[in-house]
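Notes to accompany the following structure.
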Amino acid sequence: MKAVTFSNAKHPMNKSTLPEISLEALRAGDRAEFARMVDAYSAPIYRLGLRMLGNPQDAEDALQNTFINALTHLKDFEGRSSLATWLYRIASNEALMTLRRKKPSFNLEDLQTEDSEETPPEILIDWSALPEDELLANESKKALDAAIQQLPAALRVVFVLRDIENLSIKETAEALNLTETNVKTRLLRARLFLRERLSAYHSERIVRKETP
Amino acid sequence: MSENAHTHCKHLLGNLSEYIDGELTEDLCREIEKHLEGCENCRIVLNTTRRTIDLVQTPIGAESLPAEVRERLFKRLQLDDYIPHS
Numbered sequence: 098m099k100a101v102t103f104s105n106a107k108h109p110m111n112k113s114t115l116p117e118i119s120l121e122a123l124r125a126g127d128r129a130e131f132a133r134m135v136d137a138y139s140a141p142i143y144r145l146g147l148r149m150l151g152n153p154q155d156a157e158d159a160l161q162n163t164f165i166n167a168l169t170h171l172k173d174f175e176g177r178s179s180l181a182t183w184l185y186r187i188a189s190n191e192a193l194m195t196l197r198r199k200k201p202s203f204n205l206e207d208l209q210t211e212d213s214e215e216t217p218p219e220i221l222i223d224w225s226a227l228p229e230d231e232l233l234a235n236e237s238k239k240a241l242d243a244a245i246q247q248l249p250a251a252l253r254v255v256f257v258l259r260d261i262e263n264l265s266i267k268e269t270a271e272a273l274n275l276t277e278t279n280v281k282t283r284l285l286r287a288r289l290f291l292r293e294r295l296s297a298y299h300s301e302r303i304v305r306k307e308t309p
Numbered sequence: 014m015s016e017n018a019h020t021h022c023k024h025l026l027g028n029l030s031e032y033i034d035g036e037l038t039e040d041l042c043r044e045i046e047k048h049l050e051g052c053e054n055c056r057i058v059l060n061t062t063r064r065t066i067d068l069v070q071t072p073i074g075a076e077s078l079p080a081e082v083r084e085r086l087f088k089r090l091q092l093d094d095y096i097p098h099s
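Residue numbers (this note's numbering), protein chains in the order written: chain A, 98 to 309; chain B, 14 to 99.
Structural data, given as structure tokens:
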């Protein structure tokens, strides 16, 4: 069996498709350049908000606040990370702050138990070869969306940046101010959590189909 | 499941993400593949985890920025004059 490296060609944040934004022009207060940056990054940032917050109104507020914050803090941006990673950092903070406001008990540091072992997978039915049209049916997509929303926020934010927005482990760590080890641990937990949820969903359907 | 096989399963689980992302050394990959050959449960976990990630990466519905959201964003940023027409 061969390890798979996923292509990010279908993602709009794919670096090669992004326009070159001049940091110098941005810092000099060039409004047209700022507008170009907003246009280039608004779709992925809105998507991040949708995935993190689960509703369009909160996602739109987070989107607007992200660029207002970016405008305010442009002068402090030293270019140590890429512009994309910097914007993702602001957007992630914005989403996490919104979640914190809604649920004050939420704490991003809740998951610092790096040494504990992973919970072993429980559902061992192989649904991976189900036909595409079944896996991509509306109902299946809803189950997947719901599962993502059920992820604890500290895992969800890592999963969204890494697996949906296709940031590298390093970029995800930079955006969230976490260590790479911490990102890897959270990513594995998030993936196993979603695998379990999808396994529950699809295996139930497989069993139903096989029961006359 | 023998104690030894169980240790291998735990070992695979710990390295699963990096194995899927192709970030493990060749030696480690070989070791994992050897275990996978004889362990159906681990093969299922690998296949279904891979598929889960793959499904997430398939764009779900139209997730581009809705036109009215884009318009309100440019307005809020007082960039109305620069709104590019797409």
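From the three backbone atoms N, C-alpha and C, an ideal C-beta is built for every residue, glycine too.
| query | result |
| --- | --- |
| Please state whether the Cβ-Cβ distance between A/R286 and A/L264 is less than 8 Å. | no |
| How about B/L37 and A/Y143: are their beta carbons less than 8 Å apart? | no |
| Going along the chain, which residues of its own chain have a beta-carbon closer than 6 Å to the beta-carbon of A/V280, five neighbours each way excluded? | V255, I266, T269, A270 |
| Among A/E219, A/T182, A/A129, which residue has its Cα nearest to the Cα of B/C22? | A/E219 |
| Could you tell me whether the Cβ of B/T65 comes closer than 8 Å to any Cβ of chain A? | yes |
| Can you give me the start and stop residues for the alpha helix (DSSP H) that B/G51 sits inside? | 39-51 |
| Compare the C-beta of B/G26 with all C-beta atoms of chain A and state if any pair is closer than 8 Å. | It should be pointed out that residue 26 of chain B corresponds to Leu in this sequence rather than to Gly. So yes, B/L26 belongs to the interface. |
| I need the straight-line Cα distance from A/T278 to A/P309, nearest angstrom please. | 48 Å |
| Which residues in chain B sit within 7 Å of A/S296, going by Cβ to Cβ distance? | T61 |
| Along the chain, where does the alpha helix (DSSP H) containing A/D242 start, and where does it finish? | 235-247 |
| Compare the Cα-Cα distances from A/K310 to each of A/R128, A/F131, A/L291, A/D158 and report the closest residue. | Nothing in the structure corresponds to residue 310 of chain A, since chain A is present only between 98 and 309. |
| Roughly how many angstroms lie between the CA atoms of B/L68 and A/K306, to the nearest whole one? | 22 Å |
| Mind checking whether A/R133 and A/I245 have CB atoms under 8 Å apart? | no |
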